[in-house]
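Residue numbers (our numbering), protein chains in the order written: chain A, 9 to 237; chain B, 9 to 237. Cβ coordinates follow ideal geometry from the N, Cα and C atoms, glycine included.
Number of protein chains: 2
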Amino acid sequence: MSADEPLVLVIDDEPQLLRFLNAALKSHGYRVLTADTAAEGERLAVSHRPDAILLDLGLPDRDGLEVVANLRAWCEIPILVISARGKEDDKVEALEAGANDYLTKPFGTRELIARIGVALRNRVQPLTISPIIEFGAIRVDLEGRTVTRHGEKIHLTPNEYKLLAAMVRHPGKILTHNQLLKEVWGAANLQQTHYLRVYMNTLRHKLEEDPAQPRHFQTELGVGYRLVE
Amino acid sequence: MSADEPLVLVIDDEPQLLRFLNAALKSHGYRVLTADTAAEGERLAVSHRPDAILLDLGLPDRDGLEVVANLRAWCEIPILVISARGKEDDKVEALEAGANDYLTKPFGTRELIARIGVALRNRVQPLTISPIIEFGAIRVDLEGRTVTRHGEKIHLTPNEYKLLAAMVRHPGKILTHNQLLKEVWGAANLQQTHYLRVYMNTLRHKLEEDPAQPRHFQTELGVGYRLVE
DNA sequence: CCGCATCCTGACGCCGTCTTGACGCGAACG
DNA sequence: CGTTCGCGTCAAGACGGCGTCAGGATGCGG
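See the structure below:
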């Protein structure tokens with residue numbers, strides 16, 4: 009799944025530096041979004057909500073400090089400023105405007121990666137959805153990786169849990185065979201729909217009141233399965 | 009007592025720099041606590057819970073990175089590292105150990121103040137856990153690095169302790185093989201799950217009543233381990 | 001240089017998990 | 001009405017993870 013890797017937005021107008029940053033970040037497991045103007049950068053920040061922003065102060069179309077202020081007006085995404093200017097006043101202004109860090113060119117890849125790591129480390133998770141889902145007598149704690157039924161802990165094998173977690177993340181929606189297979193067994197096993205039947209069976213036996221007449225784990229014939237509450 | 013102004017703990021052994029930092033911080037509205045050794049600094053951090061820590065890496069009694077790790081074992085107070093060494097490796101090590109920022113001497117007052125401001129700005133809720141954790145007959149003192157069982161001191165080797173500390177920091181949660189391996193043996197040994205089995209074994213023998221049927225150090229098959237109380 | 005503690009590594013048996021196959025059932029279809 | 005297909009069910013064997021132990025390498029202090 010590509011969505012669990014942090015997304016970094018790089019705003020810089022130098023093509024070389026842009027390529028360099030892109031490669032460095034990707035090789036360290038980040039997804040990267042690039043923009044070569046302030047306007048484009050701000051637009052992407054709004055639409056993609058990156059986990060961190062790398063901002064070069066020397067942009068052609070707008071002052072870098074203004075970009076920081078604009079971003080800070082509506083979000084708290086960590087901003088790491090890059091600049092050729094190393095004067096103390098520049099740093100102070102940027103940091104006070106809302107930047108989280110200030111790197112003076114030239115800087116090393118490893119330091120950059122480490123500082124991005126710091127920025128991501130102390131971000132506050134908005135926690136969009138509650139990591140705990142309940143339906144019927146069943147409670148799934150995605151964070152603690154525990155499942156209880158009538159308050160009693162239910163032991164699930166890794167595959168069973170992965171399958172349950174995949175369904176729990178999209179309650180009410182249909183999950184096709186392909187989606188489930190890809191999520192649990194990887195894209196190489198898209199044909200093995202038999203796996204699904206076997207594991208759905210054990211899940212029902214462990215979680216449903218009457219496994220033969222499932223209330224929550226319903227099968228959509230020829231399509232996939234659906235979790236109903 | 010002016011308790012609403014942020015409290016900064018400065019750990020440094022150079023009297024001049026100490027005085028300088030003290031004056032600079034106070035003039036910007038901070039309360040200041042000073043220590044000239046690592047041991048004293050850690051003690052003050054525990055007793056006063058400062059809002060930020062300024063740490064000079066060149067301490068006489070202990071390695072600065074070790075101090076960072078010790079503090080990070082039980083708290084998330086922002087740590088700004090000061091060092092005369094400006095090499096990239098030094099910075100990366102400190103930042104990865106848990107430091108929030110790295111300043112190379114000499115640095116300007118205003119930049120220092122600005123960076124402290126950043127650290128305080130994005131501090132998360134003081135998610136400090138008590139440096140002392142108990143479960144069953146076992147007591148772990150993360151600050152003193154001591155472990156007792158039924159009141160008797162238990163000797164742990166460095167790796168054993170690191171593994172225990174990693175688990176103690178997230179009681180009840182699953183710690184995956186990767187997380188534990190990264191924390192104890194570094195990211196280079198993510199494959200050596202065998203290490204985990206060996207050390208979990210010795211930990212259980214030293215701490216569990218019945219090592220064959222562990223109550224606290226439970227294994228989550230195929231995933232990792234979990235510390236239950 | 002020696003001894004000790006710690007760490008790494010390999011071997012082995014056990015047990016849970018995964019895979020695979022067989023079979024019954026019902027619905028859809030010709 | 002018979003066939004076919006998808007699905008549920010069960011069981012058995014393969015597989016790999018896990019715990020366990022011990023020998024050897026390594027590093028450190030005396």
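Original post:
If you drop the 5 nearest sequence neighbours on each side, which residues of the same chain put their C-beta closer than 8 Å to that of B:G72?
Top reply: Cβ-Cβ distances below 8 Å link B:G72 to A46, L63, D64, L65, G66, V89, S91 and A102 in the same chain, with the five nearest sequence neighbours on each side left out; the list follows chain order.
Subject >> Proximity below 8 Å, CB of B:R7 to CB of B:L111 >> reply: The requested residue 7 of chain B does not occur in the structure, where chain B is confined to residues 9 to 237.
**OP:** Report all residues from its chain with a CB closer than 7 Å to the CB of A:V231; omit the five preceding and five following residues, and keep chain order.
**Re:** Within its own chain, the residues whose Cβ lies closer than 7 Å to the Cβ of A:V231, once the five positions on either side in sequence are excluded, are I182 and T184, listed in chain order.
**OP:** Apply the 10 Å Cβ neighbour rule to A:K4 and answer buried if 16 or more other Cβ atoms are within range, or exposed otherwise.
**Re:** No answer is possible for residue 4 of chain A: the residues shown for chain A start at 9 and end at 237.
Original post:
Going along the chain, which residues of the region 138-161 of chain A sit with their C-beta nearer than 9 Å to a C-beta in chain B?
Top reply: Under the 9 Å Cβ criterion, the region 138-161 of chain A contributes E151, G152, R153 and T154.
Original post:
Which residue's Cα is closest to the Cα of A:G159: A:R147, A:E96 and A:Q226?
Top reply: Nearest of A:R147, A:E96 and A:Q226 to A:G159, Cα basis: A:R147.
Subject >> Backbone secondary structure at A:Y207 - three-state DSSP >> reply: Annotated three-state conformation of A:Y207 is helix, per DSSP.
Original post:
Does the distance from the C-beta atom of B:L33 to that of B:D20 stay below 8 Å?
Top reply: No, these two residues do not count as a Cβ contact at 8 Å.
Original post:
Between the beta-carbon of B:I87 and the beta-carbon of B:P58, is there less than 8 Å?
Top reply: Pairing B:I87 with B:P58 gives a Cβ-Cβ distance that is not under 8 Å.
Original post:
Just curious, the alpha helix (DSSP H) that A:Y38 is in, first and last residue?
Top reply: No alpha helix (DSSP H) holds A:Y38; DSSP gives it neither H nor E.
Subject >> DSSP state of B:D64 mapped onto helix, strand, coil >> reply: In the structure shown, B:D64 adopts extended strand secondary structure according to DSSP, grouped into three states.
Original post:
Could you give the distance in angstroms between the alpha-carbon of B:E217 and the alpha-carbon of B:A145?
Top reply: Spanning the two alpha carbons is a distance of roughly 9 Å.
Original post:
According to the Cβ coordinates, are A:A174 and A:E191 closer than 8 Å?
Top reply: The answer is yes: Cβ separation under 8 Å.
Original post:
Which of helix, strand or coil does DSSP assign to B:G232?
Top reply: For B:G232, the three-state secondary structure derived from DSSP is strand.
**OP:** Identify every residue that forms a DSSP beta bridge with A:K161.
**Re:** For A:K161, which the question treats as bridged, DSSP gives the partners A:T156.
Subject >> Exposure label - B:W82; buried when at least 16 CB within 10 Å >> reply: Counting Cβ neighbours within 10 Å, B:W82 comes out buried, since at least 16 surround it.
Subject >> Residues from the region 81-96 of chain B in contact with chain A, defined by Cβ distance under 7 Å >> reply: Per Cβ criterion, the list reads E96.
**OP:** Could you tell me which uninterrupted beta strand (DSSP E) segments, each at least 3 residues in length, are contained entirely in the region 71-145 of chain A, listed from first to last along the chain?
**Re:** Counting whole runs of 3 or more residues, the region 71-145 of chain A contains the beta strand (DSSP E) stretches 87-91, 109-112 and 140-143.
Original post:
Between the Cα of A:Y239 and the Cα atoms of A:Q199, A:H202, A:L215 and A:A127, which residue gives the shortest distance?
Top reply: Chain A is shown only over 9 to 237; residue 239 of chain A falls outside these bounds and no answer can be derived.
**OP:** Give a yes or no on whether 8 Å exceeds the smallest Cβ distance from A:G232 to chain B.
**Re:** Under the Cβ distance rule, A:G232 does not count among the residues neighbouring chain B, no pair being separated by less than 8 Å.
Original post:
With a CB to CB cut of under 8 Å and the five nearest residues on each side skipped, what residues in its chain are close to B:G194?
Top reply: Taken in chain order, the list of residues that qualify is empty.
Subject >> Simplified DSSP state of B:T201, which is helix, strand or coil >> reply: Helix.
Subject >> Extent of the continuous alpha helix (DSSP H) to which A:L52 belongs >> reply: Run containing A:L52: A46 to H56, per the alpha helix (DSSP H) assignment.
Original post:
Can you name the residues of chain B whose CB is closer than 7 Å to the CB of A:N108?
Top reply: Near A:N108 (Cβ distances below 7 Å), the residues of chain B are V126 and N130.
Original post:
If we cut at 8 Å on Cβ distances, does B:A122 have a partner in chain A?
Top reply: Using a Cβ-Cβ cut-off of 8 Å, B:A122 counts as an interface residue toward chain A, since at least one Cβ of chain A sits closer than that to its own.
**OP:** Please look up how many angstroms separate the CB atoms of B:N108 and B:A127, rounded, as I've assumed it's under 8 Å.
**Re:** About 5 Å; that satisfies the 8 Å criterion.
Subject >> Residues of the region 160-189 of chain B with Cβ closer than 7 Å to any Cβ of chain A, in chain order >> reply: Result list: G180, K181 and I182.
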